[in-house]
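Worksheet: one structure, shown below.
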Amino acid sequence: MSHLVRMSFADPSTPQKVLRDISLGVDLTTVPFIGTASDAGLAFDFTFPEPAVKDSVGPLPLALDMWSPTNAFDTSPLRQGCECYTCKNHHRAYLQHLLNAKEMLAWTLLQIHNHHVMDQFFAAARRSISDGTFSQNVDTFERTYASEFPEQTGQGPRVRGYQAKSEYGTPKRNPKVYGRLDDHAEKLMEAESGVATPDTGADGLQAHGFARKSQ
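Given below as C-alpha coordinates:
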(Lines of atoms letter the chains of each structure in order from A and count residues from 1; the text may use other names and numbers.)
(Lines give C-alpha, C1' and ligand atoms only; values in the text may rest on other atoms or scores of the structure.)
Protein backbone atom coordinates (compact mmCIF):
# COMPACT_ATOMS: atom_id res chain seq x y z
CA MET A 1 0.00 0.00 0.00
CA SER A 2 3.04 2.27 -0.20
CA HIS A 3 1.73 3.81 -3.42
CA LEU A 4 -1.37 5.20 -1.68
CA VAL A 5 -1.47 8.84 -0.61
CA ARG A 6 -0.99 9.21 3.14
CA MET A 7 -3.05 11.99 4.68
CA SER A 8 -2.71 13.28 8.23
CA PHE A 9 -5.52 14.90 10.20
CA ALA A 10 -3.14 16.07 12.91
CA ASP A 11 -3.19 19.66 14.14
CA PRO A 12 0.27 21.09 13.34
CA SER A 13 0.68 24.53 14.88
CA THR A 14 3.87 25.65 13.09
CA PRO A 15 5.62 25.06 9.76
CA GLN A 16 8.30 23.13 11.67
CA LYS A 17 5.67 20.58 12.70
CA VAL A 18 4.44 20.36 9.11
CA LEU A 19 8.01 19.54 8.06
CA ARG A 20 8.16 16.87 10.74
CA ASP A 21 4.98 15.26 9.37
CA ILE A 22 6.47 15.31 5.87
CA SER A 23 9.64 13.67 7.15
CA LEU A 24 7.47 10.88 8.61
CA GLY A 25 5.98 10.19 5.19
CA VAL A 26 2.82 12.30 5.19
CA ASP A 27 1.72 13.37 1.70
CA LEU A 28 -1.27 15.55 2.62
CA THR A 29 -1.88 17.43 5.84
CA THR A 30 -4.21 20.04 7.28
CA VAL A 31 -2.79 23.49 8.03
CA PRO A 32 -5.16 25.05 10.59
CA PHE A 33 -2.66 27.64 11.74
CA ILE A 34 -3.18 29.66 8.54
CA GLY A 35 -6.61 30.79 9.70
CA THR A 36 -5.53 31.11 13.32
CA ALA A 37 -2.60 33.36 12.42
CA SER A 38 -4.69 35.48 10.05
CA ASP A 39 -7.35 35.99 12.74
CA ALA A 40 -4.58 37.09 15.11
CA GLY A 41 -3.39 39.74 12.64
CA LEU A 42 -0.16 37.88 11.80
CA ALA A 43 1.44 37.99 8.35
CA PHE A 44 3.70 35.03 7.55
CA ASP A 45 7.31 36.02 6.96
CA PHE A 46 9.22 32.80 6.28
CA THR A 47 10.60 30.89 3.31
CA PHE A 48 11.97 27.38 3.10
CA PRO A 49 14.69 26.60 3.93
CA GLU A 50 15.91 30.13 4.80
CA PRO A 51 15.39 33.75 3.68
CA ALA A 52 17.42 35.09 0.78
CA VAL A 53 18.80 37.83 3.02
CA LYS A 54 19.35 37.25 6.73
CA ASP A 55 19.85 40.63 8.36
CA SER A 56 19.34 39.83 12.04
CA VAL A 57 21.02 37.85 14.79
CA GLY A 58 19.15 34.95 16.33
CA PRO A 59 16.00 33.14 15.21
CA LEU A 60 13.80 35.10 12.83
CA PRO A 61 10.09 35.46 13.62
CA LEU A 62 7.73 33.25 11.66
CA ALA A 63 5.29 36.13 11.21
CA LEU A 64 4.88 39.87 11.58
CA ASP A 65 2.37 41.29 14.04
CA MET A 66 0.38 43.73 11.93
CA TRP A 67 -1.13 45.24 15.09
CA SER A 68 2.30 46.60 16.04
CA PRO A 69 2.49 50.44 16.06
CA THR A 70 5.68 50.19 13.99
CA ASN A 71 3.47 49.41 10.97
CA ALA A 72 1.38 52.57 11.27
CA PHE A 73 3.45 54.52 8.72
CA ASP A 74 5.26 51.65 6.98
CA THR A 75 4.49 51.64 3.25
CA SER A 76 6.48 48.49 2.51
CA PRO A 77 4.75 45.20 1.59
CA LEU A 78 4.01 42.59 4.22
CA ARG A 79 7.05 40.63 3.08
CA GLN A 80 9.78 41.86 0.76
CA GLY A 81 9.75 40.09 -2.60
CA CYS A 82 6.34 38.49 -2.04
CA GLU A 83 4.26 38.21 -5.23
CA CYS A 84 0.85 37.70 -3.61
CA TYR A 85 -2.07 40.02 -4.39
CA THR A 86 -1.90 41.66 -0.96
CA CYS A 87 1.81 42.54 -1.12
CA LYS A 88 1.59 43.76 -4.73
CA ASN A 89 -1.34 46.08 -4.08
CA HIS A 90 -1.25 47.13 -0.41
CA HIS A 91 1.22 47.99 2.34
CA ARG A 92 1.63 47.41 6.06
CA ALA A 93 0.18 50.76 7.14
CA TYR A 94 -3.02 50.08 5.18
CA LEU A 95 -3.38 46.63 6.74
CA GLN A 96 -2.95 48.04 10.23
CA HIS A 97 -5.53 50.73 9.50
CA LEU A 98 -8.02 48.06 8.41
CA LEU A 99 -7.37 46.04 11.55
CA ASN A 100 -7.90 49.05 13.80
CA ALA A 101 -11.09 49.89 11.91
CA LYS A 102 -12.30 46.26 12.38
CA GLU A 103 -12.73 45.92 8.62
CA MET A 104 -13.16 42.31 7.47
CA LEU A 105 -10.99 43.17 4.46
CA ALA A 106 -7.97 43.16 6.80
CA TRP A 107 -8.32 39.47 7.62
CA THR A 108 -9.18 38.63 4.01
CA LEU A 109 -5.96 40.22 2.77
CA LEU A 110 -3.98 38.45 5.48
CA GLN A 111 -5.50 35.12 4.45
CA ILE A 112 -4.50 35.74 0.81
CA HIS A 113 -0.93 36.50 1.84
CA ASN A 114 -0.59 33.64 4.31
CA HIS A 115 -2.00 31.08 1.86
CA HIS A 116 0.48 32.30 -0.76
CA VAL A 117 3.40 31.93 1.65
CA MET A 118 2.33 28.36 2.47
CA ASP A 119 1.97 27.55 -1.24
CA GLN A 120 5.57 28.66 -1.76
CA PHE A 121 6.62 26.72 1.35
CA PHE A 122 5.19 23.45 0.06
CA ALA A 123 6.60 24.01 -3.43
CA ALA A 124 10.08 24.48 -1.95
CA ALA A 125 9.64 21.36 0.19
CA ARG A 126 8.74 19.31 -2.89
CA ARG A 127 11.82 20.59 -4.72
CA SER A 128 13.94 19.79 -1.69
CA ILE A 129 12.65 16.20 -1.63
CA SER A 130 13.36 15.83 -5.36
CA ASP A 131 16.89 17.18 -4.87
CA GLY A 132 17.56 14.85 -1.95
CA THR A 133 18.34 17.73 0.44
CA PHE A 134 15.16 17.71 2.51
CA SER A 135 16.72 16.64 5.84
CA GLN A 136 19.49 19.23 5.62
CA ASN A 137 17.02 21.95 4.62
CA VAL A 138 14.74 21.11 7.54
CA ASP A 139 17.68 21.53 9.92
CA THR A 140 18.48 24.88 8.33
CA PHE A 141 14.88 26.06 8.65
CA GLU A 142 14.69 25.08 12.31
CA ARG A 143 17.93 26.95 13.07
CA THR A 144 16.81 30.04 11.15
CA TYR A 145 13.29 30.61 12.49
CA ALA A 146 11.64 30.80 15.89
CA SER A 147 9.82 27.66 16.98
CA GLU A 148 6.48 29.41 17.66
CA PHE A 149 4.40 32.20 16.15
CA PRO A 150 4.30 35.60 17.92
CA GLU A 151 1.65 36.11 20.58
CA GLN A 152 -1.61 37.71 19.48
CA THR A 153 -1.82 41.36 20.56
CA GLY A 154 -5.04 42.54 18.91
CA GLN A 155 -8.67 41.47 18.69
CA GLY A 156 -9.67 38.96 16.04
CA PRO A 157 -12.50 39.41 13.54
CA ARG A 158 -16.09 39.53 14.77
CA VAL A 159 -17.58 36.08 15.14
CA ARG A 160 -20.60 35.65 12.87
CA GLY A 161 -23.60 34.03 14.48
CA TYR A 162 -23.98 34.55 18.19
CA GLN A 163 -26.02 31.35 18.34
CA ALA A 164 -22.83 29.32 17.87
CA LYS A 165 -22.16 27.23 20.97
CA SER A 166 -18.88 27.53 22.86
CA GLU A 167 -16.64 24.47 23.03
CA TYR A 168 -15.68 22.71 26.26
CA GLY A 169 -17.33 25.35 28.40
CA THR A 170 -15.15 28.19 27.12
CA PRO A 171 -16.82 31.60 26.79
CA LYS A 172 -17.65 32.98 23.38
CA ARG A 173 -14.91 35.09 21.82
CA ASN A 174 -17.12 38.16 21.46
CA PRO A 175 -20.16 39.00 23.60
CA LYS A 176 -23.54 39.47 21.95
CA VAL A 177 -24.06 43.09 20.89
CA TYR A 178 -27.84 43.03 20.92
CA GLY A 179 -27.76 42.48 24.69
CA ARG A 180 -27.25 46.21 25.06
CA LEU A 181 -30.92 46.67 24.12
CA ASP A 182 -32.25 44.47 26.90
CA ASP A 183 -32.97 47.38 29.24
CA HIS A 184 -34.77 49.27 26.46
CA ALA A 185 -36.89 46.20 25.70
CA GLU A 186 -37.91 45.93 29.34
CA LYS A 187 -38.91 49.60 29.43
CA LEU A 188 -40.92 49.16 26.24
CA MET A 189 -42.76 46.17 27.69
CA GLU A 190 -43.59 48.16 30.81
CA ALA A 191 -44.94 51.01 28.70
CA GLU A 192 -47.00 48.69 26.52
CA SER A 193 -48.45 46.94 29.55
CA GLY A 194 -50.77 49.93 30.08
CA VAL A 195 -51.80 50.24 26.42
CA ALA A 196 -54.32 48.09 24.58
CA THR A 197 -52.88 46.48 21.48
CA PRO A 198 -54.64 44.93 18.44
CA ASP A 199 -54.18 41.43 19.83
CA THR A 200 -55.55 42.30 23.29
CA GLY A 201 -58.40 39.98 24.29
CA ALA A 202 -61.78 40.89 25.75
CA ASP A 203 -60.51 40.76 29.30
CA GLY A 204 -57.65 43.05 28.40
CA LEU A 205 -59.93 45.57 26.65
CA GLN A 206 -62.20 45.61 29.68
CA ALA A 207 -59.25 46.09 32.00
CA HIS A 208 -58.12 49.08 29.94
CA GLY A 209 -61.60 50.58 29.95
CA PHE A 210 -62.21 50.19 26.23
CA ALA A 211 -65.12 47.79 26.50
CA ARG A 212 -67.31 45.82 28.82
CA LYS A 213 -67.88 42.11 28.44
CA SER A 214 -71.49 41.15 27.85
CA GLN A 215 -72.95 38.21 29.72
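Take the sequence shown: its letters are residues 569 to 783, numbered as in our numbering. In this text, a Cβ means the ideal position worked out from N, Cα and C, and glycines have one as well.
Legend entry - For residue 571, the nearest candidate out of 648, 588 and 593 (CA to CA): Your numbering for residue 571 matches position 3 in the sequence shown. For the residues 648, 588 and 593, the minimum Cα distance to residue 571 belongs to 593.
Inset, instruction - To the nearest angstrom, report how far apart residue 782 and residue 753 are at their CA atoms. - result: Translated into positions along the sequence shown, residue 782 becomes position 214. Translated into positions along the sequence shown, residue 753 becomes position 185. For residue 782 and residue 753, the distance between alpha carbons rounds to 35 Å.
Legend entry - Bridge partners - residue 596, DSSP secondary structure assignment: Reading the sequence shown from its first residue, position 28 is the one you call residue 596. Answer is 575.
Legend entry - Beta-carbon proximity of residue 611 to residue 634, cut-off 7 Å: In the sequence shown, residue 611 corresponds to position 43, counting from 1. In the sequence shown, residue 634 corresponds to position 66, counting from 1. Contact flag set, yes.
Inset, instruction - Output the boundary residues of the beta strand (DSSP E) element that contains residue 631. - result: The residue given as residue 631 occupies position 63 in the sequence shown. Element bounds for residue 631: 631-633.
Inset, instruction - Tell me where the beta strand (DSSP E) around residue 610 begins and ends. - result: Counted from its first residue, the sequence shown places residue 610 at position 42. That run of the beta strand (DSSP E) goes 610-612.
Legend entry - Spatial neighbours of residue 679 in its chain, beta-carbon cut-off 6 Å, leaving aside the 5 residues before and after: As a working note, residue 679 is residue 111 in the sequence shown. The answer, listed in chain order, is 606.
Legend entry - Buried or exposed (CB count within 10 angstroms, at least 16 for buried), residue 721: Position 153 of the sequence shown, counted from the start, is the residue given in the question as residue 721. Residue 721 should be labelled exposed.
Inset, instruction - Name the residue from 701, 645 and 653 whose alpha carbon lies nearest to the alpha carbon of residue 664. - result: To locate residue 664, count along the sequence shown from 1; it is residue 96. When each option's Cα is compared against that of residue 664, the closest is 645.
Legend entry - C-beta atoms of residue 675 and residue 725 nearer than 7 Å: Here residue 675 refers to the residue found at position 107 when the sequence shown is read from its first residue. Here residue 725 refers to the residue found at position 157 when the sequence shown is read from its first residue. Their beta carbons are under 7 Å apart, which means residue 675 touches residue 725 by this criterion.
Legend entry - Heavy atom of the ligand ATP within 6 Å of residue 715 beta-carbon: Looking for the ligand ATP in the displayed structure turns up nothing, as the structure carries no ligands at all.
Inset, instruction - Indicate the three-state DSSP secondary structure (helix, strand or coil) for residue 587 in the structure shown. - result: Against the sequence shown, residue 587 aligns to sequence position 19. Residue 587: helix per DSSP, three-state reduction.
Inset, instruction - Mark residue 780 as exposed unless 16 or more other C-beta atoms lie within 10 angstroms of its C-beta, in which case mark it buried. - result: Locating residue 780 in the sequence shown gives position 212, counting from the first residue. Under this definition residue 780 is an exposed residue.
Legend entry - Proximal residues to residue 573 (C-beta, below 7 Å), its chain only, five neighbours per side dropped: Against the sequence shown, residue 573 aligns to sequence position 5. Within the same chain, residue 573 has close Cβ partners 595 and 596.
Inset, instruction - Please state if the CB of residue 617 and the CB of residue 690 are separated by a distance shorter than 7 Å. - result: If you number the sequence shown from 1, residue 690 lands on position 122. If you number the sequence shown from 1, residue 617 lands on position 49. Taking 7 Å as the Cβ cut-off, residue 690 and residue 617 do not qualify as a contacting pair.
Inset, instruction - Give the straight-line distance between the Cα atoms of residue 648 and residue 578, rounded to the nearest whole angstrom. - result: Looking up residue 648 in the sequence shown gives position 80. Looking up residue 578 in the sequence shown gives position 10. Rounded to whole angstroms, residue 648 to residue 578 spans 31 Å at the Cα level.
Legend entry - Helix, strand or coil at residue 646 according to DSSP, with G and I counted as helix: Your numbering for residue 646 matches position 78 in the sequence shown. Looking at residue 646 - three-state DSSP - the assignment turns out to be coil, as it is neither helix nor strand.
Inset, instruction - Measure the CB-CB distance between residue 601 and residue 713 and report whether it falls below 7 Å. - result: Counting from one through the sequence shown, the residue named residue 601 turns up at place 33. Counting from one through the sequence shown, the residue named residue 713 turns up at place 145. No; because the gap between Cβ atoms is not below 7 Å, this pair is not in contact.
Inset, instruction - Report yes if the C-beta distance between residue 643 and residue 661 is below 7 Å; otherwise report no. - result: What you label residue 643 is simply residue 75 of the sequence shown in a count that begins at 1. What you label residue 661 is simply residue 93 of the sequence shown in a count that begins at 1. Cβ distance < 7 Å, so residue 643 and residue 661 count as in contact.
Legend entry - Cβ distance (whole Å) where residue 716 is taken to contact residue 582 below 8 Å: Working through the sequence shown from its first residue, we reach residue 716 at position 148. Working through the sequence shown from its first residue, we reach residue 582 at position 14. Rounded, the Cβ-Cβ distance is 6 Å, consistent with contact.
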